[in-house]
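Presented below is the structure to which this report refers.
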Amino acid sequence: MGGDLGIRWGLVPFLTAALLLSGAARAEDEEEKATKRPRVYGRILANTTADERSLYERQFNVTDARIGASAEPFDWLQTVLEVDASSHAPIKDAYGRFRDPSHRYRLYAGQFKTPFTARFEESNWELPLVNRGVVDDFLHKAGFVDHRIGVMIERKSKSKHDRLSFRAALLQGADDDAGIHTGEDAAGRVEYRVLKSLTVGAGGYWGGLTGPFHRHSLSLDSTLRLRALRVTAEVTHGQGWPGAFSTGTALVSYDIPVDESGEWVLQPVAAAEGIRVPAAMMAYSARAGMNLLIGDTFKVMLQGEHALRPQETWSGKALILAFGARF
35 MGGDLGIRWG LVPFLTAALL LSGAARAEDE EEKATKRPRV YGRILANTTA DERSLYERQF
95 NVTDARIGAS AEPFDWLQTV LEVDASSHAP IKDAYGRFRD PSHRYRLYAG QFKTPFTARF
155 EESNWELPLV NRGVVDDFLH KAGFVDHRIG VMIERKSKSK HDRLSFRAAL LQGADDDAGI
215 HTGEDAAGRV EYRVLKSLTV GAGGYWGGLT GPFHRHSLSL DSTLRLRALR VTAEVTHGQG
275 WPGAFSTGTA LVSYDIPVDE SGEWVLQPVA AAEGIRVPAA MMAYSARAGM NLLIGDTFKV
335 MLQGEHALRP QETWSGKALI LAFGARF
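If you're matching positions, the sequence shown starts at 35 in my numbering and goes up one per residue.
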């Protein structure tokens, strides 16, 4: 049974690659028929860090060096491939997405983000922090957030009166310490726009459905957007690699236009997060800083952090200067 499942999951990247190649070819062939042309895009995010725990020795890191290609050979099919050269697992997204005529319902097949927490689903570019933080790192190591091979169905709200969105996926399980898959996983996320400015969400992850080792987690989140103000809070609780755990994150940002066109924006930001594993460990992080956004293609971020990370015995301070560009 496990071998058959492994073979099936193993075929998904090849099928997705075939979709990508045929999609690009079809899009080129039908340019004259007003079919959308393939699109190539990319971004780079890098930072330099001075950390108290390393005696403020400066370190330079490229955290995201991504290039992607997207093609829409038909109105009902989109193919996407994204590669991150800064990662030890460079292929991030590689999927075909089928959609109905209204583009409200979509079916994904290939590799994509697990639909669980709001923090992980948000693009690195849109997130006003230099990284996703200690909670996201913890959930990643526990096997709850990642890019996985699988199938997913999605419903997306398309108007102000259409308030419900959801995603539900069946995924290839995470690897254990020996690099062996732990069985099949399931994940899902629901979002509901209560008011024009307020959205609430909930997520669930169930790991090891077909294996001997099980893990699970639930998340709740809310996002308030009032003109230039954004406030986001999220909590999770579950059972996984370290035992029972609880996490929480909070984020506040405010956009201040610098010029009349609104192309240059100053964005003060503050964030806090915490992790608790009873009788095992506690971790936390507090961050504050200022971002400069230039249009939709360039940004600079200066942020300070005071954190006690998982597995560390004492807290420390860090100053991070980051920049990003995309096309």
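For each residue, glycine too, the CB sits at the ideal point set by N, CA and C.
Give a yes or no on whether the C-beta atoms belonging to residue i and residue j are separated by under 8 Å.
{"i": "Gly296", "j": "Arg249", "result": "no"}
{"i": "Thr270", "j": "Thr257", "result": "no"}
{"i": "Arg310", "j": "Glu339", "result": "no"}
{"i": "Asp98", "j": "Ser120", "result": "yes"}
{"i": "Tyr288", "j": "Gln301", "result": "yes"}
{"i": "Leu355", "j": "Thr82", "result": "yes"}
{"i": "Arg227", "j": "Ser191", "result": "yes"}
{"i": "Leu115", "j": "Gly102", "result": "yes"}
{"i": "Val286", "j": "Val303", "result": "yes"}
{"i": "Val74", "j": "Arg100", "result": "no"}
{"i": "Asn158", "j": "Leu263", "result": "no"}
{"i": "Met186", "j": "Tyr239", "result": "no"}
{"i": "Arg153", "j": "Thr233", "result": "no"}
In the DSSP assignment, what are the bridge partners of residue i?
{"i": "Val269", "result": "Leu254, Gly282"}
{"i": "Leu89", "result": "Its beta-bridge partners do not exist; DSSP assigns none."}
{"i": "Phe200", "result": "Arg189, Val224"}
{"i": "Trp298", "result": "Ile328"}
{"i": "Glu339", "result": "Arg321, Ala352"}
{"i": "Gln145", "result": "Ala128, Ile183"}
{"i": "Leu229", "result": "Note: Leu229 sits in no beta bridge, so no partner."}
{"i": "His215", "result": "Asp209"}
{"i": "Asn81", "result": "Asn95, Ala356"}
Can you tell me whether residue i is buried or exposed? The criterion is at least 16 other CB atoms within 10 Å of its CB, across all chains shown.
{"i": "Arg182", "result": "buried"}
{"i": "Pro246", "result": "exposed"}
{"i": "Glu160", "result": "exposed"}
{"i": "Phe279", "result": "buried"}
{"i": "Pro312", "result": "exposed"}
{"i": "Arg261", "result": "exposed"}
{"i": "Met316", "result": "exposed"}
{"i": "Ile328", "result": "exposed"}
{"i": "Asp180", "result": "buried"}
{"i": "Leu173", "result": "buried"}
{"i": "Glu268", "result": "buried"}
{"i": "Lys230", "result": "exposed"}
{"i": "Val169", "result": "buried"}
{"i": "Glu346", "result": "exposed"}
{"i": "Pro124", "result": "exposed"}
{"i": "Ser104", "result": "buried"}
{"i": "Phe361", "result": "exposed"}
{"i": "Thr331", "result": "exposed"}
{"i": "Phe94", "result": "exposed"}
{"i": "Gly274", "result": "buried"}
{"i": "Gly365", "result": "Residue coverage of the chain in this structure runs from 35 to 361, which leaves residue 365 outside it and unanswerable."}
{"i": "Glu106", "result": "buried"}
{"i": "Pro135", "result": "exposed"}
My understanding is that residue i touches residue j, with C-beta atoms under 8 Å, so please give their C-beta distance in whole angstroms.
{"i": "Leu111", "j": "Thr148", "result": "Not quite, the Cβ-Cβ distance comes to about 23 Å (not below 8 Å), so this is no contact."}
{"i": "Gly144", "j": "Gly130", "result": "6 Å"}
{"i": "Ala314", "j": "Arg77", "result": "Incorrect: roughly 37 Å between the Cβ atoms, too far for contact."}
{"i": "Ala236", "j": "Val224", "result": "5 Å"}
{"i": "Met335", "j": "Gly350", "result": "The Cβ separation is near 20 Å, so there is no contact."}
{"i": "Leu252", "j": "Glu218", "result": "Not confirmed; about 19 Å, so no contact."}
{"i": "Val96", "j": "Gln337", "result": "17 Å between Cβ atoms; not a contact."}
{"i": "Gly222", "j": "Arg201", "result": "6 Å"}
{"i": "Arg140", "j": "Phe132", "result": "7 Å"}
Under three-state DSSP, which class holds residue i?
{"i": "Glu106", "result": "strand"}
{"i": "Arg321", "result": "strand"}
{"i": "Glu160", "result": "coil"}
{"i": "Glu116", "result": "strand"}
{"i": "Ala195", "result": "For the record, residue 195 in the displayed sequence is His; it is not Ala. His195: coil per DSSP, three-state reduction."}
{"i": "Ala128", "result": "strand"}
{"i": "Lys70", "result": "coil"}
{"i": "Arg133", "result": "strand"}
{"i": "Arg310", "result": "strand"}
{"i": "Lys175", "result": "helix"}
{"i": "Arg153", "result": "helix"}
{"i": "Val292", "result": "coil"}
{"i": "Asp170", "result": "helix"}
{"i": "Leu243", "result": "coil"}
{"i": "Arg140", "result": "strand"}
{"i": "Phe361", "result": "coil"}
{"i": "Glu346", "result": "coil"}
{"i": "His122", "result": "coil"}
{"i": "Arg261", "result": "coil"}
{"i": "Ala304", "result": "strand"}
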